[in-house]
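Asks: Let me begin by handing over the structure; questions about it come next.
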Amino acid sequence: MKTFHLAAKPTSYPSPRRLLSAAALVLCATTLAACSKDEAPKESKPGQALASVNGEEITVLQLNEELQRLGVGAQQQQVAGKQVLQALIDRELLESEAAKEKLDRDPKVMQAIERARSLIIAQAYMQKRLGEPQRPSQAEVEDYFNKNPQFFSNRKQFAMNELILAASDLTPEVRAAADSAKSLEEVAVFLDARNIKYGRAQVTRSTADLNAQLSAKLLSMQKGQLFAVKEGDRAMLISIAEVRDAPVTLAVAAPQITQYLTNKKNKELAAAEIQRLRGTAKIAYLNKEYEPNPNAPAGGAPAAAPADPAGAGEAAATAVATAPAGQSSVAPPPESGPTTDKSALERGVAGLK
Numbered sequence: 000m001k002t003f004h005l006a007a008k009p010t011s012y013p014s015p016r017r018l019l020s021a022a023a024l025v026l027c028a029t030t031l032a033a034c035s036k037d038e039a040p041k042e043s044k045p046g047q048a049l050a051s052v053n054g055e056e057i058t059v060l061q062l063n064e065e066l067q068r069l070g071v072g073a074q075q076q077q078v079a080g081k082q083v084l085q086a087l088i089d090r091e092l093l094e095s096e097a098a099k100e101k102l103d104r105d106p107k108v109m110q111a112i113e114r115a116r117s118l119i120i121a122q123a124y125m126q127k128r129l130g131e132p133q134r135p136s137q138a139e140v141e142d143y144f145n146k147n148p149q150f151f152s153n154r155k156q157f158a159m160n161e162l163i164l165a166a167s168d169l170t171p172e173v174r175a176a177a178d179s180a181k182s183l184e185e186v187a188v189f190l191d192a193r194n195i196k197y198g199r200a201q202v203t204r205s206t207a208d209l210n211a212q213l214s215a216k217l218l219s220m221q222k223g224q225l226f227a228v229k230e231g232d233r234a235m236l237i238s239i240a241e242v243r244d245a246p247v248t249l250a251v252a253a254p255q256i257t258q259y260l261t262n263k264k265n266k267e268l269a270a271a272e273i274q275r276l277r278g279t280a281k282i283a284y285l286n287k288e289y290e291p292n293p294n295a296p297a298g299g300a301p302a303a304a305p306a307d308p309a310g311a312g313e314a315a316a317t318a319v320a321t322a323p324a325g326q327s328s329v330a331p332p333p334e335s336g337p338t339t340d341k342s343a344l345e346r347g348v349a350g351l352k
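Under numbering that gives the first Met the number 0, the first residue of the sequence shown is numbered 0, with each subsequent residue one higher.
So this is what it looks like as structure tokens:
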């Protein structure tokens, strides 16, 4: 029986859960923002005050900045604004208490503040250097659409049924039973007879959600064929219920293709700028153990943080692979680098045994 290793798709659209998560990030920022307020004279902050916390004002400018960072739409701002304001109040309370305990002088906090400062300045430089994101032309969008039919015109959708159980319960005995079973229901009967707990689920994936190797393997399988998936401490026994055509038109895909190509171009420009700076700088490795392999590409993971001109990090890189709520993805999965290529092979092809 074949075994796959899959990863869940990310979501990049604003939602109540995202707003709550963002509020948590606002609270976490206290560690970076803590300062000795008891030693410094209070200054009036610019902008109309929305709230006062022990004499410290929270202004419209602060709220608008947080909303802008979250990417909240105009129709959501009233509800989101109330939630974010509460998070700002909580942050002010925590910041004040942190200042009383002199946490701003803690070596770890000072190091975190310095790191954040360095990243912010580096990102500001990159944004200034790159300018406004360069959007692709209509011809470029159409060309990408035509060259990648597996994501669009020839897109396939897999409807699958699952039995979910603990990974430790996926024993050789269970695998053998699944190999000889003619349906997922036969496997369920086998699990029931041995008091093995499991749950049921139905999932849908498309060729735009999966890497090319894994999509090809699924397309080669017959309807009803069983295979196993390991995902952390869970295991799934899955059968393909249906494979159906799910084509996407250029009109529907164009906005996401545009965003994808925009991100791709900006990353290329950012990488070129870092390469230019490295070429003009004198870089000496005082500890030879950390000197990179001369055959390795210049730069590395740490440089990727300021390289995102939009400041959106991983979410921006994968946004193109996520569709609005209620729709399946219509764009390709994120591009693979050396590391993600290896991970994809481990999750997909290497798991087909």
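Note that CB positions come from ideal geometry on N, CA and C, so glycine has one too. Keep in mind that this is a model prediction, so the values were computed, not measured.
In the segment 160-248, which residue ranges form an unbroken beta strand (DSSP E) of at least 3 residues, counting only runs that do not cross its ends?
Replies: 198-205, 225-230 and 233-244
Asks: What residue range does the beta strand (DSSP E) around I57 cover?
Replies: Taken as a continuous stretch (DSSP letters only), the beta strand (DSSP E) holding I57 covers E55 to T58.
Asks: Is there contact here, the segment 188-198 with the segment 254-266, by at least three beta-carbon pairs under 8 Å?
Replies: Between the segment 188-198 and the segment 254-266, the count of C-beta pairs closer than 8 Å stays below three; the two stretches do not touch.
Asks: Measure the C-alpha to C-alpha separation of Q149 and M159 and round it to an integer number of angstroms.
Replies: 19 Å
Asks: Taking its Cβ as the centre, do 16 or more other Cβ atoms sit within 10 Å of Y124, making it buried, or is it exposed?
Replies: exposed
Asks: Determine the DSSP secondary structure at S95, reduced to helix, strand or coil.
Replies: helix
Asks: For the beta strand (DSSP E) that contains S51, what are its first and last residues?
Replies: A48 to V52
Asks: Just to confirm, is the Cβ distance from R233 to A295 under 9 Å?
Replies: no
Asks: Going along the chain, which residues of its own chain have a beta-carbon closer than 7 Å to the beta-carbon of Y289, five neighbours each way excluded?
Replies: none
Asks: Buried or exposed: which applies to T248, given that a residue is buried once 16 or more other Cβ atoms fall within 10 Å of its Cβ?
Replies: exposed
Asks: In whole angstroms, give me the CA-to-CA distance for A138 and D105.
Replies: 55 Å
Asks: Suppose contacts are defined by Cβ-Cβ distances below 9 Å. Is M235 in contact with L162 by that definition?
Replies: yes
Asks: On a CA-only basis, which of V228, P132, E241 and Q255 is nearest A207? Give me that one, please.
Replies: Q255
Asks: May I ask which residues mark the beginning and end of the alpha helix (DSSP H) holding Q149?
Replies: Careful: Q149 lies outside any alpha helix (DSSP H) and carries neither H nor E.
Asks: Would you give the residue range spanned by the alpha helix (DSSP H) that S136 belongs to?
Replies: It is not in any alpha helix (DSSP H) - S136 carries neither H nor E in the DSSP assignment.
Asks: In this structure, how does DSSP classify K155 when only helix, strand and coil are distinguished?
Replies: strand
Asks: Does the count of Cβ pairs from the segment 76-88 and the segment 48-63 closer than 8 Å reach three?
Replies: yes
Asks: Report back the beta-carbon spacing between T203 and F151 to the nearest angstrom; my notes put them in contact at under 8 Å.
Replies: In fact, because the Cβ distance is near 17 Å, the residues do not count as touching under 8 Å.
Asks: Distance cutoff 9 Å, beta carbons only. Does Q224 sit that close to anything in chain C?
Replies: Going by chain labels, chain C is absent from the structure shown, which holds only one protein chain.
Asks: Can you grab the Cα-Cα spacing for the pair L129 / A270, in whole Å?
Replies: 11 Å
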